[in-house]
Amino acid sequence: MTRKNVELFFNKVLPFKLQATKEATWEHFKGSDKHMGNGSVYSKTAKDVNVPYTILEDFTKDMHSNTARADANMKQAIRRYVEPDRDVVIAVVSVSPAAVKHKMLDGLRYQVRSYAVTKRSSASTPEREVSQLQCCSLISFDEETEARLGCDAVRSLTNFLIVSLAAKMQGHQDCIENSLMDSVLNPSC
62 MTRKNVELFF
72 NKVLPFKLQA
82 TKEATWEHFK
92 GSDKHMGNGS
102 VYSKTAKDVN
112 VPYTILEDFT
122 KDMHSNTARA
132 DANMKQAIRR
142 YVEPDRDVVI
152 AVVSVSPAAV
162 KHKMLDGLRY
172 QVRSYAVTKR
182 SSASTPEREV
192 SQLQCCSLIS
202 FDEETEARLG
212 CDAVRSLTNF
222 LIVSLAAKMQ
232 GHQDCIENSL
242 MDSVLNPSC
């Protein structure tokens, strides 16, 4: 059986300095706002692994997409890699069902591998530094889910996840941009 993957990607030039964008991106992903955009978290525990820039979380989330809803148990690892010319934040999430509120979502098991890269934009000039935020998420179902559910159900799950994850990615972008705007408008905070 061929494993199916779906990739979602966005790329945005932001009118902010690289260091500010790097920090706003990391603050977003290490905080609770990263869970917004496609549902609400109602149970969460985080483990302190005593490793810099690393977060491990277990949480339960009510996810939604158009008319479908699902409660899902999630295990997530987030790691930040700091490099001189860019930052990379990687998140890996494994999802299993907690409660299904829509028949097509029964058996929902999948993984999402995501990254956010902040770097200096090629649109920067010596007078004006701007940054670039690139985010990508790759959804893949475990082979057991694909085999058990069949093509039609996997297609429905894929549609659910595309809409849900696109909303989440838009939420990431909005939160990071809003944080940057707040820091410009309220520099004392």
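All the letters of the sequence shown, read from the start, carry residue numbers 62 to 250 under our numbering. Think of the CB as a built atom: it goes at the ideal place given N, C-alpha and C, for glycine as much as any other residue.
Opening and closing residue of the alpha helix (DSSP H) in which residue i lies
{"i": "E88", "result": "79-91"}
{"i": "N220", "result": "204-246"}
Extent of the continuous beta strand (DSSP E) to which residue i belongs
{"i": "T186", "result": "Premise fails: T186 is in no beta strand (DSSP E) and is neither H nor E."}
{"i": "V74", "result": "66-75"}
Residues bridged to residue i (per DSSP)
{"i": "Q176", "result": "Sequence check: residue 176 is Tyr here, not Gln. Y176 is bridged to I151, C197."}
{"i": "R141", "result": "V150"}
{"i": "V156", "result": "M135, Y171"}
Whole-angstrom C-beta distance between residue j and residue i, which should lie under 8 Å
{"i": "K180", "j": "S198", "result": "With 8 Å as the limit, K180 and S198 do not qualify as a contact, their Cβ atoms being about 18 Å apart."}
{"i": "R130", "j": "D123", "result": "7 Å"}
{"i": "Q172", "j": "V154", "result": "7 Å"}
{"i": "I151", "j": "Y176", "result": "5 Å"}
{"i": "E238", "j": "L75", "result": "7 Å"}
{"i": "W87", "j": "R141", "result": "5 Å"}
{"i": "H89", "j": "C236", "result": "5 Å"}
{"i": "R216", "j": "V178", "result": "About 30 Å; that fails the 8 Å criterion."}
9 Å Cβ cutoff met for residue i and residue j
{"i": "F70", "j": "Q234", "result": "no"}
{"i": "F77", "j": "L241", "result": "yes"}
{"i": "I223", "j": "N66", "result": "no"}
{"i": "T206", "j": "R170", "result": "yes"}
{"i": "L218", "j": "L210", "result": "yes"}
{"i": "A138", "j": "L117", "result": "yes"}
{"i": "V143", "j": "K83", "result": "yes"}
{"i": "A81", "j": "S185", "result": "no"}
{"i": "V156", "j": "M135", "result": "yes"}
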